[in-house]
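Chemist:
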Amino acid sequence: MDIVNFINDPTKMHIRTLEAMTGKSVPRKAPVPLFSLRGISKSFPGVLANDSIDLDIHASEIHALLGENGAGKSTLVKILYGFYRADTGKFLLNGEPIQINSPADARQAKIGLVFQDFSLIPAFTVTENIALFLPELKSVLNLNDVEDRIHAISERYHLDVDAGKLVANLSLGEQQKVEILKLLLSGSRVLILDEPTRVLAPHEVESLYKVLANLRSDGYAIILITHKLHEVMECANRVTVLRRGRVAGTMQRPGLNESTLIQLMFGKTLDGGIRKKRRNTQSGIKPLLSLQAVKTLDDFTSVGLKEIDLEIFPGEIVGVAGVSGNGQRELSDVILGMSACSQGRKILFGQDATTWSIRRIRKDGVAFIPESPLQMAVTGWLPVIHNMAVTRPWIYSIWGGFRVNWQKVVADAKRAFAQLGFELPNLFAPAGSLSGGNLQRMTIARELAYQPKLIIASYLTRGLDVQSTLAAQKALVESSEKGIGILLISEDLDELFLLSDRLIVLLGGSIVATRLPHDTNSYEIGHLMTGSKVLHDPKH
Amino acid sequence: MTQNIEAVSATKIALPRWMKDILRYVYMIALSFLLFGLILLVTGKDPIQSYRDIFSSTLGSSYGLSEVIVAMTPILLTGLAVSLPSRIMLINVGAEGQLYIGAALATWGALTFNTLPAWALIPIMMLLGMVGGALWAFIPAYLKSIGLVNETITSLLFNPVAPKIIGFLVFGFWHSPMDTNKTARFVEAARLPALFGTRVTVGILFGVVLLVGFWLFMRFSRWGLEMRAIGGNSQASRRNGIPLKAYIIIVFCAGGAIAGLAGMVQASGYYGLLLTNFSIGWGFMGFLICWLVAGDPFGILIMSFLVSVILTGGNLLQITRGVPYSIINILLALTLFVVLARPTFTIGRKS
């Protein structure tokens, strides 16, 4: 059965012409779904990631897969695209069973995936990248032909990119457009977008929605993976909610309703969010941290910081906004002492700390909560309790360091978890066996256990489910109320606006703006983040 | 607390870990002997008779056993010299060179302080041997710590240089009136004491003590904890404030020091003089042994014993059966091959 036949379905064309003539939408009968999953299950050791999932994807719809982290969305996508093989279950394409055992099979079935982390080759131009992906690529390249096709499609869907540019010189938003173009040119009819707004500034999100709406009206099926409710409310016309690997329910527009979706996602209503008291900057207090014209060297993998001036006062949460890769990692590294200042001075707690070691900086009261604890905070195969002790082994040393006082570590760990109201994990299980949320809780508990004066929290809630996010944010706000200064690096503007007393925007390693949250809005910040001059009307 | 950890890991697998490990070793050794038996059969020798010769000559008599221990002494130490840096994911391929330089410095001590009594001279030589090995390890370690060059390559490339330095010293300055390629015999005070009237020296005790100390240190000490953290995730450990550079230099040099001690033990105990090109690849054999058992201290003990049995038995096989000695290298290579293939006994894996 050919999809093209279905897309060119005469009845459908008729409806569309009718719509075009009357300017009104015409109700459509439920046709055979373009693509269906039946009873898909997938288990990993100890986890049933997907439990007999049924899903129907129709042409001309934006189908949102909604669920908190760990609900099984990513696994399902990987099964759909042939990365994983389902334990049981089958796929139907236009009602006919098909096999998807590899990404090549998926592409054969005209299913395309826009990766969360893009799969473009930076050293190639846009055209070359797209040509590389085309199934019918000739032995002798005709790039002009490819370029013409790119122009045709990009004009139709307002996916404007300069086809001759190197991908390395494109912004993340433009790269995403290239990813979508790639799929369109290769003839995909089902487009899967995995958390597409994660890397985008607000105005880019809007233009993505427009692109998706255009694609939908041309008969494409779009699967939108997300854990953000407002995205679903804005653009999806069918929503399937996943919870603990099962389909918790499906809703259709009209009839989408936020509170019902929340109930489906969590199985209960959530208690209220964070309430933060705004703090007024007092004068006459010394800053905890002061960076004075700090520069770092750049290399192939990172941007260098350029003349950073930054002060953090006690009890203040300074939010760092910016598209990732604009110096956030470097900023936290330079404060922690991971990388050296090539110029400038770093004053910590009133002392010149420019050349201090990481251990000295931590000992003096700097805590660090990184974005991916498994890579940046713990040794995965060591037990939780070892990882708890490892930042300050000297306070647990007995017999001059030849033994470690594990009873004391256990007691401290229990106290640290209890103070934050976190559930105590199995302290003797390998840290790597904890779920992402529990691992982040462990890191937070460890970092806050020793009365820090300054916390660097980098992408604190990335990859956390809603409940863990709330717990982590609450821990930060409570710390700031105790007078701890906090540098909060985040890609989630809502989070930054919610928590920050002051916002700075990083672009290309410089602080391009400092704003107070109540004096600005996410559109202005978004423009500052991307460095775009054109002011965008949010109403448009 | 440690019991708790074991309880956790034991819930995942049916057999206790140590039993699985032992089964694995037995299985691998049996497999390599089987393969070697086939080779013997093809060359027209009776494999069963050959094996009986190997084992009766080595394990069957106290003399044979003592010769096995003699052969085991240097490779136990060099295995440890490789294992220590491997705990923080450093690969020390330079034990051979470190062993030479350690022997050279120890020899200098033996020749210079030859009037001292044994209780003073032996410790001085041990110290010099360790300093020599550590010095030879320092350059790769320092270059690694500042992020310039990979320690695997530098430590490997330092190996062929060391024997040349020994050659320069021995041919140029230290050779005895009789020979050009070796020094005169050390004075009696510079010789490591032998045990039980055999050729076994106290060097083997250094190895065993260091091995047990190493195990206790890694398991119980604060620094062992930090090293295990580095070994599992060096980037996270750096962010957690563990002084990574210092650990790289100190641990790598400590490995070098143990290899240097092995050099001292061989010069002072085994030969009683310094010979150019005296090592038959002890440093490399230690590397092999360490990686065969993934750096596990007691694995090193067992594996170095086994390799010594093969080496010693091979000598005898050559004499009695007319088998060329190089066939023993085939057996060693087969063992390595089987171990690297990592056979498992689990029939059907849980996914």
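Going line by line, the protein sequences match chains A and B.
With my numbering applied, the first sequence corresponds to residues 1 to 540, in that order.
With my numbering applied, the second sequence corresponds to residues 1 to 351, in that order.
We put the CB at the ideal spot given by N, CA and C, even for glycine.
1) Would you call the CB atoms of A/K306 and A/G344 closer than 8 Å?
2) What residues of chain B sit near A/V505, judged by a beta carbon separation below 8 Å?
3) Thinking just about the alpha-carbon of each residue, which of B/T320, B/R199 and B/L301 is nearest to the one in B/A81?
4) What's the call for A/N438, buried or exposed, on a 16-neighbour Cβ count within 10 Å?
5) Does B/F196 get closer than 8 Å to chain A when you measure Cβ to Cβ?
6) Would you call the CB atoms of B/L87 and B/M218 closer than 8 Å?
7) DSSP beta-bridge partners for A/E61?
8) If you check the beta carbons only, do A/L229 and A/E258 fall under 8 Å apart?
9) Which residues in chain B have a C-beta closer than 8 Å to the C-beta of A/L336? List them in chain order.
10) Go ahead and label B/S268 buried or exposed: buried means 16 or more other beta carbons lie within 10 angstroms of its beta carbon, across all protein chains shown.
11) Please list, in chain order, the chain B residues whose beta carbon lies closer than 8 Å to that of A/Q375.
12) Helix, strand or coil, according to DSSP, for A/L503 in the structure here?
13) Would you say B/W215 lies against chain A (beta-carbon separation less than 8 Å)?
14) Is there contact here, the region 93-108 of chain B with the region 166-177 of chain B, by at least three beta-carbon pairs under 8 Å?
15) Check this for me: beta carbons of B/N233 and A/G380, under 8 Å apart or not?
16) Near B/W136, what residues of its chain come up, given a Cβ to Cβ distance below 6 Å and the 5 sequence neighbours on each side ignored?
17) Mind listing which residues of the region 381-394 of chain A have their C-beta closer than 9 Å to chain B's C-betas, in chain order?
18) Could you work out which residues of chain B lie near A/G401, taking near to mean beta carbons separated by less than 9 Å?
19) At 9 Å on the CB atoms, spell out the chain A contacts of B/I242, in chain order.
20) Between which two residues does the alpha helix (DSSP H) carrying B/F252 extend?
21) For B/A254, decide whether its Cβ has a neighbour in chain A, counting only Cβ atoms nearer than 8 Å.
22) Only counting the same chain, and skipping five residues up and downstream in sequence, which positions put a Cβ closer than 8 Å to that of A/L434?
23) Could you check the C-alpha separation between B/F287 and B/T78 for me, to the nearest Å?
24) With a threshold of 16 other CB atoms inside 10 Å of the CB of B/R238, please say whether the residue is buried or exposed.
25) What's the C-alpha gap between B/L317 and A/D299?
26) A/R362 versus chain B: which residues are under 8 Å apart at the beta carbon?
27) Could you tell me which chain A residues have their CB closer than 8 Å to the CB of B/R228, listed as they occur along the chain?
28) Looking at the secondary structure, which residues open and close the alpha helix (DSSP H) in which B/Q49 lies?
29) I want to see whether chain B comes within less than 8 Å of A/V320, judged by CB atoms only; does it?
30) What whole-angstrom Cβ distance do A/Q549 and A/I347 have, given they're in contact under 8 Å?
31) Are the Cβ atoms of A/V505 and A/I525 separated by less than 8 Å?
32) Note down the Cα distance separating A/V4 from A/G219, rounded to an integer number of angstroms.
33) List the DSSP bridge partners of A/Q375.
34) Can you grab the Cα-Cα spacing for the pair A/F124 / A/L134, in whole Å?
35) Rounded to the nearest angstrom, what separates A/P254 and A/V239 at their Cα positions?
36) Could you tell me the alpha carbon to alpha carbon distance between A/G325 and A/E491, rounded to whole angstroms?
Modeler: Reading off the structure:
1) No.
2) Result: empty, since nearest Cβ-Cβ is about 25 Å, beyond 8 Å.
3) Closest in alpha carbon position to B/A81, among B/T320, B/R199 and B/L301, is B/L301.
4) Buried: at least 16 other Cβ atoms inside 10 Å.
5) No, because no Cβ of chain A sits closer than 8 Å to the Cβ of B/F196.
6) The residue asked about is misnamed: residue 87 of chain B is Arg in this sequence, not Leu. In contact: B/R87 and B/M218 (Cβ atoms closer than 8 Å).
7) Looking at the DSSP assignment, A/E61 forms a beta bridge with A/A221.
8) With respect to A/E258, A/L229 sits close: the two C-beta atoms are nearer than 8 Å.
9) Simply R239.
10) Label assigned to B/S268: buried.
11) Near A/Q375 (Cβ distances below 8 Å), the residues of chain B are N233, Q235 and A236.
12) Looking at A/L503 - three-state DSSP - the assignment turns out to be strand.
13) No, its Cβ sits nowhere closer than 8 Å to a Cβ of chain A.
14) As far as the Cβ criterion goes, the region 93-108 of chain B touches the region 166-177 of chain B, which means the pair count is three or higher.
15) Yes, Cβ-Cβ distance for B/N233 and A/G380 is below 8 Å.
16) Answer for B/W136: G97, Q98, I101 and G256, listed in chain order.
17) Cβ contacts with chain B: W381, L382, P383, I385, H386, N387, A389, V390, T391, R392, P393 and W394.
18) Chain B residues near A/G401: S221, R222 and W223.
19) Those are I358, R359, V390, T391 and P393, listed as they occur along chain A.
20) Annotation: the continuous alpha helix (DSSP H) that includes B/F252 extends over L244 to V265.
21) No, its Cβ sits nowhere closer than 8 Å to a Cβ of chain A.
22) Answer for A/L434: V384, P425 and M442, listed in chain order.
23) Distance between the alpha carbons of B/F287 and B/T78: 7 Å.
24) Counting of Cβ neighbours within 10 angstroms places B/R238 among the buried residues, the total reaching 16 or more.
25) Rounded to the nearest angstrom, the two C-alpha atoms are 60 Å apart.
26) Ordered by position in chain B, the residues that pass the 8 Å Cβ test against A/R362 are N240 and G241.
27) Under the 8 Å cutoff, chain A gives T379, L382 and H386.
28) Per DSSP, B/Q49 belongs to the alpha helix (DSSP H) from P47 to T58.
29) Taking Cβ atoms only, chain B never reaches closer than 8 Å to A/V320, which makes this a no.
30) With chain A covering only 1 through 540, there is no way to say anything about residue 549 of chain A.
31) Yes, they are a contact pair.
32) Residue placement at A/V4 is flagged as unreliable, the pLDDT there being 41, under the threshold of 50; the coordinate-derived value follows with that caveat. So the two alpha carbons sit approximately 10 Å from each other.
33) In DSSP, A/Q375 forms no bridge with anything.
34) C-alpha separation (whole angstroms): 15 Å.
35) Between the alpha carbons of A/P254 and A/V239 lies a gap of roughly 11 Å.
36) Using only the alpha carbons, I get a separation of about 11 Å.
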